[in-house]
Amino acid sequence: MSDATYLIRLAEDDDDFILGLVPRFVDFTLPPWRRRHECIEGIRKDLSRHLDEQPANSFLFVAEDDDGEPVGFIHLQKTQDYFTGRSNCHISDVAVAAQHEGRGVGRVLLEHAESWAREHRCQLVTLAVFPGNERARAVYESAGYAVDLLRLAKPVR
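Mapping of the sequence shown onto the numbering used here: residues 959 to 1115, in sequence order.
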C-alpha cells in the first residue's frame, strides 16, 4: 500500500478509459456456463448505455492519481431495497487499472461509495461479485462487506 492520494470525480470524457477496463471484470475463473466474451460484451454494452444516456440514479466516478491520470472507476446506482423499500447504493461496477492494483485505489473507491451513500441517505451499500473473483472478494471483505443474499443459477439444457 502506498501513501498516494487520489482525486475522485464524476466521469466526463472517460469512456475509453472506463471501457478499456472491462476485460478486468472477467480476469478469473467464471462459472462454467458463463462465456468470457459474452460477459465482456454485456458489461461493455451496459456501461456504454450509462455513459451515453446518463440515466437518473446512475453515477460514474473516476479516480485520478497525483498526475491527473485515471487509475480506476466506480459505477454507483441508487436502488430501492426489496425488503424495506429504503434507498440503497449499489456498486454496479468497480475496476482498477492493472498497473495501479495494490496501491489503495480500490479501497479509496469503496470509501467514496460509502460516503456517497451516507450523503444520499442510503441504508446499505451493495455489490455483486463472481465467486471466482477471489482478489475482489478479499478487498470487499477486508472493507467490511459480507454476504447478504446468495444468487444461485442452473443452466437449462
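By construction, the Cβ of each residue, glycine as well, lies at the ideal position given by its N, Cα and C atoms. Because the structure is a prediction, the values reported are computed rather than measured.
Review point. If you drop the 5 nearest sequence neighbours on each side, which residues of the same chain put their C-beta closer than 6 Å to that of H1048?
Key: Locating residue 1048 in the sequence shown gives position 90, where the first residue counts as 1. Excluding sequence neighbours, H1048 sits near Q1035, T1037, T1084.
Point to revise | Coarse secondary structure for F986, derived from DSSP in three states | key: Within the sequence shown, residue 986 is the residue found at index 28, counting from 1. Coil at F986, not helix or strand.
Exercise for review: Measure from the alpha carbon of G1102 to the alpha carbon of each residue in F1019, A1094, A962, then state which is nearest.
Suggested key: Counted from its first residue, the sequence shown places residue 1102 at position 144. Selected option, being the one with the closest Cα: A1094.
Review point. Roughly how far, in whole angstroms, is the beta-carbon of Q1081 from the beta-carbon of S1045, given that I think they are within contact range, below 8 Å?
Key: As a position in the sequence shown, residue 1081 is number 123, starting the count at 1. As a position in the sequence shown, residue 1045 is number 87, starting the count at 1. Yes, they are in contact, since the Cβ atoms of Q1081 and S1045 sit about 7 Å apart, within 8 Å.
Check your understanding: Which class does V1052 belong to by DSSP, given the choice of helix, strand or coil?
Key -> As a first step, residue 1052 must be located in the sequence shown, where it is residue number 94. V1052: strand per DSSP, three-state reduction.
Exercise for review: Report yes or no: do the segment 961 to 972 and the segment 990 to 1006 share at least 3 C-beta pairs separated by less than 8 Å?
Suggested key: no
Review point. Once you ignore the five residues that flank P981 on each side, which residues in its own chain have a CB closer than 8 Å to its CB?
Key: What you label residue 981 is simply residue 23 of the sequence shown in a count that begins at 1. Closer than 8 Å at the Cβ level, and outside the excluded window around P981, lie I998.
Practice item. For L1018, I'd like the list of residues in its chain whose CB is within less than 6 Å of its CB, leaving aside the five on either flank, ordered along the chain. Key: Position 60 of the sequence shown, counted from the start, is the residue given in the question as residue 1018. Once the five neighbours on either side are set aside, the close Cβ partners of L1018 are A969, H1033.
**Study point:** C-alpha distance - S935 paired with L1009, whole-angstrom precision
**Key:** With the chain running from 959 to 1115 in the structure shown, residue 935 is simply not present.
Review point. Considering only residues of the same chain and omitting the five flanking positions on each side of H1070, which have a CB-CB separation below 7 Å?
Key: Position 112 of the sequence shown, counted from the start, is the residue given in the question as residue 1070. Same-chain partners within the cutoff: I966, F1019, I1032.
**Study point:** Three-state secondary structure assigned by DSSP to C997
**Key:** Position 39 of the sequence shown, counting from 1, holds the residue named residue 997. Taken through DSSP and simplified to helix, strand or coil, C997 comes out as helix.
Point to revise | Bridge partners - L1034, DSSP secondary structure assignment | key: Walking along the sequence shown from the start, residue 1034 turns up at place 76. Paired residues: F1017, I1049.
Practice item. Name the one or two DSSP bridge partners that I966 has. Key: One-based indexing of the sequence shown puts residue 966 at position 8. Answer by DSSP bridge pairing, in chain order: A1021.
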